[in-house]
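**Student:**
Protein chains in written order, with this note's numbering: chain A, 1 to 299; chain L, 1 to 473.
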């Protein structure tokens with residue numbers, strides 16, 4: 001047993017105790033002891049919900065559970081799950097609309113290009129006319145990467161040489177989209193840290209150009225890595241301040257990270273999580289189901 | 001939101017006058033704040049628990065030194081303990097005499113391996129190595145093209161195999177290096193999930209095939225609670241040698257560094273801090289400790305200024321004035337421009353103690369406003385620029401007319417200038433205070449005569465003019 005496993009066994013015990021106590025709950029009615037709540041809080045913190053949100057949820061649960069009579073452990077668990085699930089904003093999925101232009105933004109390495117590629121393939125499978133735009137003119141070979149996705153999906157792509165003006169690629173993509181009558185326009189942008197003012201301003205320009213030019217409504221989607229910790233909220237706030245975000249795609253949920261920070265983001269910015277990435281395959285980019293996500297959070 | 005642990009702890013202890021020992025209640029209150037700070041920095045909960053326990057023990061036994069308040073004492077204990085945990089001193093890259101040396105980079109998808117590979121090659125070439133980068137990521141579309149493009153830009157050769165077996169590519173890459181007299185091989189592997197047995201097995205086979213001198217795991221500084229699970233899995237499977245923390249140029253506190261170090265015992269060797277090839281730096285545990293606690297990182301700020309200076313964009317005097325607050329309107333303008341170059345106000349503010357205030361004061365500045373500031377400052381006489389106190393109403397009116405702006409614009413600039421001066425002064429004080437309890441590096445700077453750059457200590461009194469010489473240092 002490694003040092004960490006030893007250290008961490010205490011915390012996995014938290015989860016076991018949590019389930020154990022859910023079981024014990026039946027006999028004891030609503031009389032749950034303090035260690036139950038501590039374990040719940042630990043579990044939520046470990047899922048990256050953040051201390052504040054975790055404390056909030058526990059405090060509210062305490063109040064609410066006190067007024068309810070549960071007859072089975074399942075009921076308690078379901079109550080927790082649905083209460084957490086309700087915290088998510090669910091209105092406003094742009095993929096449920098008709099013709100749309102989607103702009104994928106986010107920090108480096110969250111999976112923007114991959115998500116755009118998978119969305120293209122899914123769009124084609126749904127019978128939509130799709131076009132891709134590679135407005136990531138910064139990262140080496142980003143265009144080539146999207147090229148391969150375009151090929152896989154069998155859709156046209158607009159790209160330029162490295163160092164070209166990103167906004168001009170977006171402009172051209174939208175123009176081409178109108179020529180071919182595309183109803184799903186997917187534009188990839190270069191990853192950038194929210195602290196880089198110049199790059200954020202460049203992104204604002206890409207968005208402005210896209211919006212002005214596109215006849216279909218433009219939605220700006222933040223692609224976020226589920227392994228991101230508390231900085232995720234700061235990132236989302238900054239991107240939102242610059243771009244007024246419309247939705248979140250949460251990637252890399254196939255590891256052991258729970259992506260709890262997405263709850264805080266969805267709640268604070270009042271934007272929905274519209275897709276989650278749970279694997280490498282094209283179909284592994286799935287619609288977000290709050291209850292499933294909440295259930296995974298409390299293990 | 002939590003900003004500065006130091007301030008929080010000071011306020012907890014503000015009611016207490018100095019006493020010989022910290023009481024248990026004092027320590028409990030402090031530990032709650034420390035727990036909060038660490039969790040907000042993404043330190044793993046299990047690590048937070050064991051860490052606060054250790055701090056409690058140390059704090060209970062500690063005498064409050066006469067020079068410190070109880071709050072400072074606790075901060076000192078926390079900082080010292082954190083620094084030790086983060087590895088104490090710098091851990092350098094250990095390479096053997098073997099030819100070629102082999103470094104292998106591993107990590108999750110999107111952690112920044114390919115970028116880190118090129119930065120590492122760039123850094124080690126500067127130290128006299130002849131690097132070859134081997135593109136062993138056959139999975140992500142165009143990953144090999146990405147490494148090739150980076151290699152082309154930096155004039156570093158890249159080996160891309162003719163097969164799609166990463167193990168064979170790595171092995172062939174070594175042979176290619178030998179044939180071409182290249183003495184360092186950096187293998188860029190595909191990103192993989194620690195729970196993917198097939199992929200983890202593959203990376204273990206690459207290790208067996210090339211027997212690297214160093215395996216470095218690249219970890220995103222923004223990683224949350226899961227960092228330990230991932231690192232522990234990689235450590236068990238690969239027994240890697242050290243870490244590269246990537247994306248540290250963002251504002252994440254980077255608690256993952258602490259968690260991973262504590263859990264795997266592996267040192268953090270490099271910090272990757274930006275988009276440019278030269279932005280891979282050695283990792284300083286003491287600075288990271290302060291960053292995790294939200295206490296600013298003045299040393300890094302000074303180094304950034306020093307770096308710009310090395311690039312010929314920044315003078316010693318600028319560096320001095322920036323950290324000493326001894327500046328004039330000219331320096332103010334220069335500072336604003338340089339700060340933008342150094343990554344924008346947000347990036348700078350984050351490095352400063354009490355950075356939030358600074359951020360607010362400068363948040364709305366963009367290029368057009370800087371042009372306007374420039375116009376105003378250039379409309380001042382040299383005397384006015386160096387001695388803002390003489391700026392009376394008629395002078396302000398004249399300056400406004402000269403710059404084509406309203407007098408209110410001039411007034412606003414003067415106000416901003418005064419605020420910036422005040423902040424520089426505060427920063428100066430904080431650096432002095434930090435010097436007492438901090439590391440040796442900090443200590444040197446804190447001894448009353450801080451310098452923007454140590455080797456230029458004699459150059460500091462250029463602005464010995466009335467009105468620009470702030471009291472207190």
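C-beta atoms are modelled at their ideal positions from N, C-alpha and C, and glycine is treated no differently.
Every value quoted in this text rests on a predicted model; they were computed, and no experiment measured them.
Can a CB atom of chain A be found closer than 8 Å to the CB of residue 111 of chain L?
**Tutor:** Yes - at least one Cβ of chain A is within 8 Å of the one on residue 111 of chain L.
**Student:** Across which residues does DSSP place residue 272 of chain L in a beta bridge pair?
**Tutor:** Residue 272 of chain L is bridged to L/280.
**Student:** Closer than 8 Å is the cut-off here; do at least three beta carbon pairs connect the segment 205-221 of chain A with the segment 170-177 of chain A?
**Tutor:** Contact between the segment 205-221 of chain A and the segment 170-177 of chain A is present, because at least three Cβ pairs lie under 8 Å.
**Student:** Kindly indicate which three-state DSSP category residue 171 of chain A falls into: helix, strand or coil?
**Tutor:** Helix, per DSSP.
**Student:** Which ranges would you report for the alpha helix (DSSP H) in the segment 69-145 of chain A if only whole runs of at least 4 residues count?
**Tutor:** The qualifying runs are 73-85 and 112-125.
**Student:** Does residue 286 of chain A come out as helix, strand or coil in the three-state DSSP assignment?
**Tutor:** In the structure shown, residue 286 of chain A sits in a strand (DSSP, three-state: E or B).
**Student:** Return the residue from the list A/70, A/163 and A/122 that minimises the CA-CA distance to residue 186 of chain A.
**Tutor:** Residue A/122 is the option with its Cα nearest to residue 186 of chain A.
**Student:** Out of L/165, L/108, L/174 and L/189, which one is the CA nearest neighbour of residue 135 of chain L?
**Tutor:** Among L/165, L/108, L/174 and L/189, the Cα nearest to that of residue 135 of chain L belongs to L/189.
**Student:** Does any C-beta atom of chain A lie closer than 8 Å to the C-beta of residue 333 of chain L?
**Tutor:** Chain A contact via Cβ: absent.
**Student:** Can you find at least 3 beta carbon pairs, one from the segment 236-248 of chain A and one from the segment 109-127 of chain A, that sit closer than 8 Å?
**Tutor:** Short answer: they don't touch.
**Student:** Keeping to the same chain, check which residues put their C-beta closer than 6 Å to that of residue 415 of chain L; ignore five residues upstream and five downstream.
**Tutor:** Nothing meets the Cβ criterion.
**Student:** Just to confirm, are residue 229 of chain A and residue 381 of chain L a CB contact at a threshold of 8 Å?
**Tutor:** Contact flag unset, no.
**Student:** Going by CA-CA distance only, name the one from L/392, L/334 and L/209 that's closest to residue 378 of chain L.
**Tutor:** Among L/392, L/334 and L/209, the Cα nearest to that of residue 378 of chain L is on L/334.
**Student:** Based on Cα-Cα distance, which residue from L/47, L/279 and L/395 lies nearest to residue 259 of chain L?
**Tutor:** The option with the nearest alpha carbon to residue 259 of chain L is L/47.
**Student:** Return helix, strand or coil for residue 109 of chain L, following the three-state DSSP convention.
**Tutor:** Here residue 109 of chain L sits in coil by DSSP.
**Student:** Compute the Euclidean distance between the alpha carbons of residue 105 of chain L and residue 204 of chain L, then round it to the nearest angstrom.
**Tutor:** So the alpha carbons of these two residues sit roughly 12 Å apart.
**Student:** Please name the residue in L/157, L/195, L/38 and L/229 whose C-alpha comes closest to that of residue 182 of chain L.
**Tutor:** Among L/157, L/195, L/38 and L/229, the Cα nearest to that of residue 182 of chain L belongs to L/157.
**Student:** Determine, using beta carbons only, whether residue 208 of chain A comes closer than 8 Å to chain L.
**Tutor:** Judged by the 8 Å Cβ criterion, residue 208 of chain A is not in contact with chain L.
**Student:** Quick one, are the C-beta atoms of residue 186 of chain L and residue 131 of chain L less than 8 Å apart?
**Tutor:** Yes, the Cβ-Cβ distance between residue 186 of chain L and residue 131 of chain L is below 8 Å.
**Student:** Starting from residue 27 of chain L, trace the alpha helix (DSSP H) both ways and give me its first and last residue.
**Tutor:** Taken as a continuous stretch (DSSP letters only), the alpha helix (DSSP H) holding residue 27 of chain L covers 24-40.
**Student:** Just list the residues that DSSP pairs residue 277 of chain A with in beta bridges.
**Tutor:** The partner list for residue 277 of chain A (beta bridge, DSSP) reads A/285.
**Student:** Can you tell me whether DSSP reads residue 36 of chain A as helix, strand or coil?
**Tutor:** In this structure, residue 36 of chain A counts as helix in the three-state DSSP scheme.
**Student:** Identify whether residue 178 of chain A lies in helix, strand or coil by the three-state DSSP scheme.
**Tutor:** Reduced to three states, the DSSP call for residue 178 of chain A is helix.
**Student:** Should residue 290 of chain A go down as buried or exposed, given a rule of 16 or more other Cβ atoms within 10 Å for buried?
**Tutor:** Burial call: buried.
**Student:** What does DSSP give as the partner residue(s) for residue 219 of chain A in the beta ladder?
**Tutor:** Answer is A/102, bridged to residue 219 of chain A.
**Student:** Grouping DSSP H, G and I as helix and E and B as strand, with all else coil, what is residue 42 of chain A?
**Tutor:** Residue 42 of chain A: helix per DSSP, three-state reduction.
**Student:** Do the CB positions of residue 256 of chain L and residue 409 of chain L come within less than 8 Å of each other?
**Tutor:** Cβ atoms of residue 256 of chain L and residue 409 of chain L: not closer than 8 Å.
**Student:** Quick one: grab the DSSP three-state call for residue 160 of chain L.
**Tutor:** Of the three classes helix, strand and coil, the one that applies to residue 160 of chain L here is strand, per DSSP.
**Student:** Where in the segment 121-162 of chain L do unbroken runs of the alpha helix (DSSP H), each at least 4 residues long, occur, reported from the N-terminal end onward?
**Tutor:** Listed in chain order, the complete alpha helix (DSSP H) runs (minimum 4 residues) inside the segment 121-162 of chain L are 143-154.
**Student:** Grab the span of the alpha helix (DSSP H) containing residue 197 of chain A for me, first residue to last.
**Tutor:** Its alpha helix (DSSP H) spans residues 197-213.
**Student:** Could you name the residues of chain A that residue 40 of chain L contacts, counting a contact when the two beta carbons are closer than 8 Å?
**Tutor:** Here the neighbours are 50, 51 and 230.
**Student:** Counting only the same chain and skipping the five closest in sequence on each side, list residues whose C-beta sits under 6 Å from that of residue 225 of chain L.
**Tutor:** Cβ neighbours of residue 225 of chain L beyond the five flanking positions: 44.
**Student:** With a cut-off of 8 Å, does the C-beta of residue 187 of chain A fall near any C-beta of chain L?
**Tutor:** By this cut-off, residue 187 of chain A is not an interface position.
**Student:** When the distance is taken between beta carbons, is residue 253 of chain L closer than 8 Å to residue 291 of chain L?
**Tutor:** Going by C-beta atoms, residue 291 of chain L is nearer than 8 Å to residue 253 of chain L.
**Student:** With distances taken from CA atoms, which of L/195, L/329 and L/211 is nearest residue 383 of chain L?
**Tutor:** Considering only alpha carbons, the answer is L/329.
**Student:** Quick test of your reading: residue 87 of chain L and residue 219 of chain L, contact by CB under 8 Å. State the CB separation rounded to the nearest angstrom.
**Tutor:** Actually they are not in contact, since the Cβ atoms of residue 87 of chain L and residue 219 of chain L sit about 14 Å apart, beyond 8 Å.
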